[in-house]
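Asks: Structure in structure tokens, see below.
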Amino acid sequence: MPIHINKETLLKYDIPGPRYTSYPTAPIWTDDVTENIYIEKLKQLRSSDKTLSLYIHIPFCQTLCSYCGCNVLIRKQEVKHGDEYLQYLFKEIDLITQYIGKNKKIKQFHWGGGTPTYFNEQQIERIFEKVRESFDIDFDGEIAIEIDPRTIDKKKMHRLRLLGFNRISMGVQDFNADVQKAVNRIQPYELVKEFNDLCHELKFNSVNFDLIYGLPHQTPMSFKETIDKVIALRPDRIALYSFAYVPWLKKHQNKMDKVALPTPDQKIDIFLNSRDALIDSGYQAIAMDHFALKKDELAKAFDKGSLYRNFMGYTVKPADEYIGLGLTSIGFLENTFVQNHKVLKDYYDSLDNAQLPIERGKVLNEDDVIRQWTINALICQFSVDKESFQEKFKLAFDKYFTQEQDHLKQCIEDNLIAVDGDMIRVTDLGKIFIRNVCMGFDYYLRQKGAHKRFSRTV
Ligand code: SF4
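Numbering-wise, the UniProt record's numbering puts 83 at position 83 of the sequence shown, and it's gapless, one number per residue.
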């Protein structure tokens, strides 16, 4: 059903706020989480039969997209950069396996960036082999890689499939030529179509397109053309992200023509029109920002309330613990977030000294765990079951969240949530403002100035 958003609601909720790829969110992590703490957590894994998600971050890109919010290093595609990085990645893998032992089961294996396909075939193969000899990769699990159609050829795609990758995620963003020029990412429709067709030919289990709304020169009309083309290509999954405009954090975003950015009204129109078009074309809106064909396992899991989310995105096969490898990568072990160094030299220096390249993290306290569970339920299931909460934490939801009652009342008044017995359900309108609904449960946003670090929710 089409959603109507009045101006008042839009103005009220268009405020800076986290995307909740983690809770507690990364800005409050500190260097209190040291290498020793990480080593202790890793050692606990040695004797356990817990399964792992493994993420590898490849930070290199050949050119900088002006909207980029990732941790990225711009380098010409030269073998030496990749070879040097591999050398250190392998040192990190050796250190990790020294503590957890070899052959731990990997249920979910994800390569992200930057641009993983920046590496040549031999380099990709060498990484894969190194992981295969150090861990036990479940080839029926999720083995995913982000590809950039501009830096990959058909031969490399064949190689990825042969190695065992079964999921592809492609950065598409927008097909409009003016938008592509404004964001310094020229990627014609024909190129995306060619690789999308190839993914189907090679029988990858699923193909995801990343799209971004809120970029310069986008209008509801122009983006409709992009969405129509995307629907025609029929990827299994679509992530439709709101552009995170954070020029105070990502200085290169200052180069964008601010005047050309769509207004909040236009952004909401673009999102709602796209959402309606996708739903009318057989996609299901699953959780925050994401759509999947109804036959896709993510859509089925969403229906059953068994969808999960971690740094690698939404999944139906959550592992017990997460290990991140490479520059800036993030892991989550035994209720502790750890993040690697963001500066390449620091990352290399740590590994030269045979130290795990940890920069910061957060050991979750009891309250963090409770709030993390609640925020995850809101984001992944669009609901919170107070009875499940009570069962899990042996606490009464309303008693525990006394300070949050005003926020909940406000959300009910504004039709963002509805309460039915023990169930808090997010309404269709609330799904648009899900970040705002979650923000009421974020303890750390109560600190002065905490909101300012984030992009706006609309
Ligand atoms: S390809 Fe992705 S990671 Fe690389 S610059 Fe563009 S947006 Fe950033």
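Using N, Cα and C, we set each Cβ at its ideal position, and we do this for glycine too. Note that the structure is predicted; figures quoted are calculated from it, not measured.
(1) Let me know the beta strand (DSSP E) ranges lying completely inside the stretch 308-336, each 3 residues or longer, listed in chain order.
(2) Going by C-alpha distance, which of D140, L272, R371 is nearest S22?
(3) Given a threshold of 16 other Cβ atoms within 10 Å of its Cβ, counted over all protein chains shown, does D153 qualify as buried or as exposed?
(4) What alpha helix (DSSP H) runs, 4 residues minimum, are completely inside the stretch 335-406?
(5) Identify, in the order they occur along the chain, each residue of the same chain with its Cβ nearer than 7 Å to the Cβ of N254, setting aside the five sequence neighbours on each side.
(6) Below 8 Å, can you find three or more Cβ-Cβ pairs linking the stretch 105-125 to the stretch 148-165?
(7) Is it the case that the CB of T115 approaches a heavy atom of the ligand SF4 more closely than 8 Å?
(8) Note down, in chain order, each residue of its chain lying with its Cβ closer than 6 Å to the Cβ of D257, except the 5 sequence neighbours on either side.
(9) Assuming the contact rule is C-beta atoms closer than 8 Å, D112 and C61 should be a hit. Round their C-beta distance to whole Å, please.
(10) Starting from M157, follow the alpha helix (DSSP H) in both directions and report where the run begins and ends.
(11) Going straight from the alpha carbon of K342 to that of H290, what length do you get?
(12) Under DSSP, the beta strand (DSSP E) around Y213 begins and ends at which residues?
(13) Does the Cβ of R19 lie closer than 8 Å to at least one heavy atom of the ligand SF4?
(14) Report yes if the C-beta distance between L95 and F128 is below 9 Å; otherwise report no.
(15) Report the start-end ranges of each beta strand (DSSP E) in the stretch 22-88 that is 3 residues or longer and not cut off at the edges.
(16) Alpha carbon to alpha carbon, how far is I212 from R275?
(17) Taking just the CA atoms, how far does L293 sit from K362?
(18) Where DSSP assigns a beta bridge to S242, which residues make up the other side?
(19) Under three-state DSSP, which class holds L109?
(20) Please look up how many angstroms separate the CB atoms of I147 and P220, rounded, as I've assumed it's under 8 Å.
(21) Since G430 is in the beta strand (DSSP E), which residue starts that stretch and which ends it?
(22) Beta-carbon separation of G324 and I145 under 9 Å?
(23) Kindly list the residues whose CB is nearer than 6 Å to the CB of S281, restricted to its own chain and excluding five residues on each side of it in sequence; keep chain order.
(24) Which residue comes first and which comes last in the beta strand (DSSP E) that contains H290?
(25) Rounding to the nearest angstrom, what Cα-Cα distance links R161 and Y189 in this structure?
(26) Measuring CA to CA, which of H252, I93, T402, L54 is closest to N71?
(27) Work out the CA separation of E387 and Y245 for me, nearest whole Å.
(28) Taking 8 Å as the cut-off, is the CB of D148 close to at least one heavy atom of the ligand SF4?
Replies: On the basis of the supplied data:
(1) 308-310, 313-315, 321-325, 330-333, all fully within the stretch 308-336.
(2) Position 22 of the sequence shown holds residue 22. That would be R371, whose Cα lies nearest to the Cα of S22.
(3) The residue labelled residue 153 in the question sits at position 153 within the sequence shown. Answer is exposed; the Cβ neighbour count stays below 16.
(4) As far as the stretch 335-406 is concerned, its whole alpha helix (DSSP H) runs of at least 4 residues are 344-352, 366-381, 386-393, 397-400.
(5) One-based indexing of the sequence shown puts residue 254 at position 254. Only P247 meet the Cβ criterion.
(6) Contact holds: three or more Cβ-Cβ distances are below 8 Å.
(7) On the sequence shown, residue 115 is found 115 positions in, with the first residue counted as 1. Checking the Cβ of T115 against the ligand SF4 gives yes.
(8) Numbered from its first residue, the sequence shown carries residue 257 at position 257. So the qualifying residues of the chain are P216.
(9) As a first step, residue 112 must be located in the sequence shown, where it is residue number 112. As a first step, residue 61 must be located in the sequence shown, where it is residue number 61. Note that residue 112 corresponds to Gly in the displayed sequence, not to Asp. Taking the Cβ atoms as the reference, G112 lies roughly 12 Å from C61, outside the contact range of under 8 Å.
(10) Locating residue 157 in the sequence shown gives position 157, where the first residue counts as 1. 154-163 is the extent of the alpha helix (DSSP H) around M157.
(11) What you label residue 342 is simply residue 342 of the sequence shown in a count that begins at 1. What you label residue 290 is simply residue 290 of the sequence shown in a count that begins at 1. A direct Cα-to-Cα measurement between K342 and H290 gives close to 28 Å.
(12) As a first step, residue 213 is located in the sequence shown; it is residue number 213 there, counting from the start. Run containing Y213: 206-213, per the beta strand (DSSP E) assignment.
(13) The residue labelled residue 19 in the question sits at position 19 within the sequence shown. No, Cβ of R19 sits at least 8 Å from all heavy atoms of the ligand SF4.
(14) The residue you call residue 95 lines up with position 95 of the sequence shown. The residue you call residue 128 lines up with position 128 of the sequence shown. Cβ distance not < 9 Å, so L95 and F128 don't count as in contact.
(15) Counting only runs of 3 or more, we get 52-58.
(16) Against the sequence shown, residue 212 aligns to sequence position 212. Against the sequence shown, residue 275 aligns to sequence position 275. Taking the straight line joining both Cα atoms gives about 13 Å.
(17) Your numbering for residue 362 matches position 362 in the sequence shown. Your numbering for residue 293 matches position 293 in the sequence shown. Straight-line Cα distance between these residues: approximately 36 Å.
(18) Reading the sequence shown from its first residue, position 242 is the one you call residue 242. S242 pairs with Y213.
(19) Working through the sequence shown from its first residue, we reach residue 109 at position 109. Note on identity: in this sequence residue 109 is Phe, with Leu being the wrong assignment. DSSP places F109 in strand when its eight states are reduced to three.
(20) Taking the first residue of the sequence shown as 1, we reach residue 147 at position 147. Taking the first residue of the sequence shown as 1, we reach residue 220 at position 220. Going by Cβ atoms, the distance from I147 to P220 rounds to 29 Å, so no, they are not a contact pair.
(21) Counting from 1 along the sequence shown, the entry for residue 430 is found at position 430. Taken as a continuous stretch (DSSP letters only), G430 belongs to no beta strand (DSSP E), being part of the alpha helix (DSSP H) at 428-432.
(22) Counting from one through the sequence shown, the residue named residue 324 turns up at place 324. Counting from one through the sequence shown, the residue named residue 145 turns up at place 145. Cβ distance not < 9 Å, so G324 and I145 don't count as in contact.
(23) The sequence position of residue 281 within the sequence shown is 281, counting from 1. Result list for S281: I231, in chain order.
(24) Indexing the sequence shown from 1 puts residue 290 at position 290. Where H290 is concerned, the enclosing beta strand (DSSP E) stretches over 290-293.
(25) Start at 1 with the first residue of the sequence shown, and residue 161 comes out as number 161. Start at 1 with the first residue of the sequence shown, and residue 189 comes out as number 189. One C-alpha to the other measures close to 23 Å.
(26) Residue 71 sits at position 71 when you count from the first residue of the sequence shown. Nearest C-alpha to N71: H252.
(27) Taking the sequence shown and counting its residues from 1, the one referred to as residue 245 is at position 245. Taking the sequence shown and counting its residues from 1, the one referred to as residue 387 is at position 387. When only Cα atoms are considered, Y245 and E387 end up about 39 Å apart.
(28) Within the sequence shown, residue 148 is the residue found at index 148, counting from 1. D148: yes, Cβ under 8 Å from the ligand SF4.
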